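Here's the structure we're looking at; comments come further down.
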Amino acid sequence: SQTIHQWPATLVQPVGSPLSLECTVEGTSNPNLYWYRQAAGRGLQLLFYSVGIGQISSEVPQNLSASRPQDRQFILSSKKLLLSDSGFYLCAWSRLVGRFTEAFFGQGTRLTVV
Amino acid sequence: KNQVEQSPQSLIILEGKNCTLQCNYTVSPFSNLRWYKQDTGRGPVSLTIMTFSENTKSNGRYTATLDADTKQSSLHITASQLSDSASYICVVTHYGNNRLAFGKGNQVVVIP
Numbered sequence: 117s118q119t120i121h122q123w124p125a126t127l128v129q130p131v132g133s134p135l136s137l138e139c140t141v142e143g144t145s146n147p148n149l150y151w152y153r154q155a156a157g158r159g160l161q162l163l164f165y166s167v168g169i170g171q172i173s174s175e176v177p178q179n180l181s182a183s184r185p186q187d188r189q190f191i192l193s194s195k196k197l198l199l200s201d202s203g204f205y206l207c208a209w210s211r212l213v214g215r216f217t218e219a220f221f222g223q224g225t226r227l228t229v230v
Numbered sequence: 002k003n004q005v006e007q008s009p010q011s012l013i014i015l016e017g018k019n020c021t022l023q024c025n026y027t028v029s030p031f032s033n034l035r036w037y038k039q040d041t042g043r044g045p046v047s048l049t050i051m052t053f054s055e056n057t058k059s060n061g062r063y064t065a066t067l068d069a070d071t072k073q074s075s076l077h078i079t080a081s082q083l084s085d086s087a088s089y090i091c092v093v094t095h096y097g098n099n100r101l102a103f104g105k106g107n108q109v110v111v112i113p
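Protein chains in written order, with the working numbering: chain A, 117 to 230; chain B, 2 to 113.
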């Protein structure tokens, strides 16, 4: 069966420090991968999505970047964190199975920038 | 403008009562629609999925309906329990490019 791993679960980082959140998917190949941010009381905001290795699309301009070095690995990074980067980050993957799009989420990372 | 609109934004209901959440979308062409439940501090978990040819789908006390003509869906929670307190997110998949469009969620609080 397919599983998605996202870590760490919580993170407290000082302003100006770098960031690296990792997401890996098991049990499938060539999934579409997504990074979302969810601010308190707000909906999910798509940050990046990837349809293949090295293929990254950015939805909104921001202080973050994403990379996909391997088929089932998706990394969210920042060189210098801002206070406004605080939030709940979710990794997700989707794959077309027949006529359905299967979409699954990781458990999320609570990032607090102090 | 968001392609998926949900209402009400939040609601409080008494334990044991029923409630209905609404989702209107403009995604076209449309592949399928999912309702997710997201507990606080956790990732969303899928409740139901429906294609354009399906009108209703149940998962325990959760019943989703879909009207593909009017581009509306609803999620009905029957005999609510305290554990139903969560955010319910409507997600619509674009046919062809496999993109996901998210609503902002309905925040449900069940009180005893």
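We put the beta carbon where it would ideally sit given N, CA and C, even for glycine. No experiment lies behind these values; they were computed from the predicted model shown.
Contact with chain A by residue i, beta-carbon distance below 8 Å
i	result
B/V92	yes
B/K72	no
B/I50	yes
Residues that residue i contacts on chain A, provided the C-beta gap is smaller than 7 Å
i	result
B/N99	N148, S210, L212 and T217
Residue i versus residue j: straight-line alpha-carbon distance, rounded
i	j	result
B/L83	B/T21	16 Å
A/L197	A/G143	33 Å
B/N3	A/E175	14 Å
B/P9	A/V230	33 Å
B/A65	B/N98	25 Å
A/Y150	A/S181	12 Å
B/W36	B/K18	20 Å
A/R211	A/N146	8 Å
B/D40	A/R226	14 Å
B/N60	A/S183	37 Å
A/L160	B/I90	9 Å
A/I191	A/R153	14 Å
A/W123	A/C139	7 Å
A/L199	B/R43	22 Å
A/L162	B/N107	18 Å
A/G224	A/I169	22 Å
B/P30	B/S75	19 Å
A/S166	A/V128	27 Å
B/A102	A/T217	12 Å
Residue i: contacting residues in chain B (beta-carbon distance under 7 Å)
i	result
A/L231	Only positions 117 to 230 of chain A appear in this structure, which leaves residue 231 of chain A out of reach.
A/R184	None at all; the shortest Cβ gap to chain B is about 16 Å.
A/G159	F103, G104, K105 and G106
Short CB-CB distance (under 8 Å) between residue i and chain B
i	result
A/Q223	yes
Residue span of the beta strand (DSSP E) that contains residue i, given as start and end
i	result
B/K38	F31 to Q39
B/L101	L101 to F103
B/V28	Here B/V28 belongs to no beta strand (DSSP E), and DSSP marks it neither H nor E.
A/A219	F216 to F221
A/F190	Q189 to S194
A/V128	T126 to Q129
A/S233	Past the boundaries of the shown model lies residue 233 of chain A; chain A is included only from 117 to 230, so the question cannot be answered.
B/V109	N107 to I112
Chain D contact for residue i (CB, 8 Å cutoff)
i	result
A/R226	The structure shown contains no chain D; the protein chains it does contain are A and B.
Quick one: complete beta strand (DSSP E) runs, 3+ long, within the region 151-177 of chain A? Within the region 151-177 of chain A, complete beta strand (DSSP E) segments of at least 3 residues are found at 160-168 and 171-174, given in chain order.
Entirely enclosed beta strand (DSSP E) segments - the region 48-89 of chain B, minimum 3 residues: 57-60, 63-68 and 73-78
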